[in-house]
Structure formats: structure tokens, C-alpha cells
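Peer 1: Basically this note's numbering = 1-based index in the sequence shown + 232.
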Amino acid sequence: MPRAGRQTVLSIRNVRKSFGGVHAVNDLSLEIKEGEFVALLGPNGAGKTTLLEMIEGLQTPDSGSIEICGLNYAQHERQIRQIMGLAFQETRFPEKIRVAEALRLFAAFYGASPARTVEILDLVSLAEKKNAYVNTLSGGQRQRLALGIAIIQKPKVLLLDEPTTGLDPHARRELWQILSDLKRAGMTLLLTTHYMEEAEELCERIVIQFRGRILADGALEDLLE
């Protein structure tokens, strides 16, 4: 369950979102504290993507509220963009851009220093590939680059949408190791995944969403009981 005494990073209160007659998210509430790694699981059609898109500001709730570090999109969208990192199942890059160039580009967007680019290359184990074109990278290397871009501005919260889907076991574990390092550094994470093993490996809380609602929320051992 949420850790007591820590700042609330993500607060979702009684959020609803419908498309026609379909209630994709139905009176859902969720709170994530600073430093928590939370996995969001559920079958296709459970409303996970819709929920994530509302947290990202791509969709607007029909009712209810979403706050990131006490900020809302109606009044503080620019500030939220500075404190949120995003990485998706697949990220497309221009083919003729080198790894270090891609990082420097996004560092410039966020006002991050050149030293941060070097730090990220080491963190995501791509220093040896810094001059390689992105289109020559393996799937796992591309996902590590996407993760590096997502954290280049040192976000308060990181949202990952099925980041290891389609990766081989070795590439998946390489990404897990990076996320474990971020966890030790105090990062806050909301992760959607279809892999229970991944949720168990990385997250102390597992939230199961079904038909737009939270069906269960707790540590794996509590859910199994």
C-alpha cells in the first residue's frame, strides 16, 4: 500500500471517461507516493491505456481529477511536462540520427546540461553506441534509449507503457536492471505490463484494473492471499 509520510506524486480521484456507451474508466481512484514502483495490470479493454493517456494529458477526464505533484493540466500543463517522463511500448526515432544526437536534442528541449547526456549514456549502457545511428540499434537498445530520453530531465514520476513487450529475455532483464537502479535512486514509477514476473521483479505494489475500475491493489503476497 502507499507509503506513509511521503509526498503524493500522483493523485487520481473518482475519474470517469466514456466513449459512446463504453465506460473505459469508471469512478477510478488511485494514489502513488514518492519513491513507489507501481505496476498496473489488466486484460485488454480494462481501460489501462485510457487511464495512462489521461495521466499523460492526452485525454481529458469526463469527471474527477488528476494531479501530479499537486498540479493539474488545466492550470499547470507546462510544469507537469517538466516533471513527468514517458516511454512507450515502441518509440520511433528519425533513422539518420545518432544515439548521442538524440539525447542532446531532448536535453536541449528540457534545458539539461551536456553532462547529463553523458550521464544518461552510461546509465542506459549505450556509451559504446553513442555514435551509432538509431536505426542500427537492436530492439532492446532502442528501448534503453527511449528510457534515457524519458529521464533526461530527472522527472518526478516516470510512466512506462509495456516497455518490454516484444523484447527477448536478455534485453528485458537489461531494462529491469536500469529500472532497479532508478528505484534505488528514489524514482517514482507507474508501469503497465502484461508480465506478472516483471511486476513482481520491479514493483512493491500491484494494481489490477478490470472494466474501468480498480479490482485489487496491494503487494503481490497480499493479493495472492
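All C-beta atoms, glycine included, are put in the ideal place defined by N, C-alpha and C. If you're wondering where the values come from, they're calculated on a predicted model, not measured in any experiment.
Under 8 Å, do Phe441 and Asp393 count as touching if we go by C-beta distance?
Peer 2: Taking the sequence shown and counting its residues from 1, one reaches residue 441 at position 209. Taking the sequence shown and counting its residues from 1, one reaches residue 393 at position 161. According to the sequence displayed, residue 441 carries Gln and not Phe. No, these two residues do not count as a Cβ contact at 8 Å.
Peer 1: By DSSP's criteria, Gly253 is part of a beta bridge. Which residues make up the other side?
Peer 2: Here residue 253 is taken as the residue at index 21 of the sequence shown, counted from 1. According to DSSP, which records beta bridges pairwise, Gly253 is partnered with nothing at all.
Peer 1: Please indicate yes or no: does the CB of Leu447 lie closer than 7 Å to some heavy atom of the ligand PLP?
Peer 2: Because no ligand of any kind appears in the structure shown, any question about the ligand PLP cannot be addressed here.
Peer 1: CB Thr424 to CB Lys280, shorter than 8 Å?
Peer 2: On the sequence shown, residue 424 is found 192 positions in, with the first residue counted as 1. On the sequence shown, residue 280 is found 48 positions in, with the first residue counted as 1. Closer than 8 Å, so yes.
Peer 1: Considering Cα atoms alone, identify which of Thr368, Leu455 and Leu447 is closest to Ser261.
Peer 2: Residue numbering aside, residue 261 sits at position 29 when the sequence shown is read from its first letter. Minimum Cα distance to Ser261 is reached at Leu447.
Peer 1: DSSP beta-bridge partners for Gly302?
Peer 2: Counted from its first residue, the sequence shown places residue 302 at position 70. Bridge partners of Gly302: none, in fact.
Peer 1: Classify Lys328: buried if its beta carbon has 16 or more other beta carbons within 10 angstroms, exposed otherwise.
Peer 2: For this step, residue 328 is matched to residue 96 along the sequence shown. Under this definition Lys328 is an exposed residue.
Peer 1: With distance defined between alpha-carbon atoms, name the residue in Tyr342, Pro293 and Thr292 nearest to Gln311.
Peer 2: Working through the sequence shown from its first residue, we reach residue 311 at position 79. Among Tyr342, Pro293 and Thr292, the Cα nearest to that of Gln311 is on Tyr342.
Peer 1: Could you spell out the range, first to last residue, of the alpha helix (DSSP H) harbouring Gly380?
Peer 2: The residue labelled residue 380 in the question sits at position 148 within the sequence shown. Unbroken alpha helix (DSSP H) run through Gly380: Gly371 to Ala382.
Peer 1: Just to confirm my understanding: we take Glu266, look at its own chain, exclude 5 residues before and 5 after, and list those with CB closer than 6 Å. What are they?
Peer 2: Walking along the sequence shown from the start, residue 266 turns up at place 34. Result list for Glu266: Arg238, Gln239, Val241 and Thr420, in chain order.
Peer 1: Along the chain, where does the alpha helix (DSSP H) containing Met419 start, and where does it finish?
Peer 2: The residue labelled residue 419 in the question sits at position 187 within the sequence shown. No alpha helix (DSSP H) contains Met419, which DSSP labels as neither H nor E.
Peer 1: With Ala319 and Ala382 assumed to form a contact (beta carbons below 8 Å), what rounded beta-carbon distance in angstroms separates them?
Peer 2: Residue mapping note: residue 319 aligns to position 87 of the sequence shown, counting from 1. Residue mapping note: residue 382 aligns to position 150 of the sequence shown, counting from 1. Correct: roughly 4 Å between the Cβ atoms.
Peer 1: Sort out for me which residues DSSP pairs Gln441 with in a bridge.
Peer 2: Position 209 of the sequence shown, counting from 1, holds the residue named residue 441. Answer by DSSP bridge pairing, in chain order: Ile446.
Peer 1: Just verifying my parser: in three-state terms, what is the DSSP assignment at Ile193?
Peer 2: Because the chain spans 233 through 457 in this model, residue 193 falls outside it and cannot be assessed.
Peer 1: Should Val254 be labelled buried (16 or more other beta-carbon atoms within 10 Å of its own) or exposed?
Peer 2: Working through the sequence shown from its first residue, we reach residue 254 at position 22. Val254 should be labelled exposed.
Peer 1: Name, in chain order, the residues that DSSP records as bridge partners for Tyr427.
Peer 2: The residue given as residue 427 occupies position 195 in the sequence shown. In the DSSP output, where bridge partners are listed per residue, Tyr427 has none listed.
Peer 1: Going by beta-carbon coordinates alone, are Ile298 and Val389 separated by less than 8 Å?
Peer 2: Counting from 1 along the sequence shown, the entry for residue 298 is found at position 66. Counting from 1 along the sequence shown, the entry for residue 389 is found at position 157. Not a contact, by the Cβ cut-off of 8 Å.
Peer 1: Count the C-beta pairs between the stretch 404–423 and the stretch 355–375 that are closer than 8 Å, then say yes if the count reaches three, no if not.
Peer 2: Touching, yes, given that three or more Cβ pairs across the two stretches are closer than 8 Å.
Peer 1: Checking 8 Å against the spacing of the C-beta atoms, do Gly450 and Arg437 come in under that value?
Peer 2: By 1-based counting over the sequence shown, the position of residue 450 is 218. By 1-based counting over the sequence shown, the position of residue 437 is 205. Closer than 8 Å, so yes.
Peer 1: Could you compute how far the alpha carbon of Ser345 sits from the alpha carbon of Asn304?
Peer 2: What you label residue 345 is simply residue 113 of the sequence shown in a count that begins at 1. What you label residue 304 is simply residue 72 of the sequence shown in a count that begins at 1. Each residue's alpha carbon lies about 27 Å from the other.
Peer 1: Compare the C-alpha of Leu284 against each of Arg248, His308 and Gln307 and name the closest.
Peer 2: Position 52 of the sequence shown holds residue 284. Ranking Arg248, His308 and Gln307 by Cα distance to Leu284 puts Arg248 first.
Peer 1: Cα-Cα, which of Leu422, Thr323, Phe325 and Ile300 is closest to Arg313?
Peer 2: What you label residue 313 is simply residue 81 of the sequence shown in a count that begins at 1. Cα-wise, what sits closest to Arg313 is Ile300.
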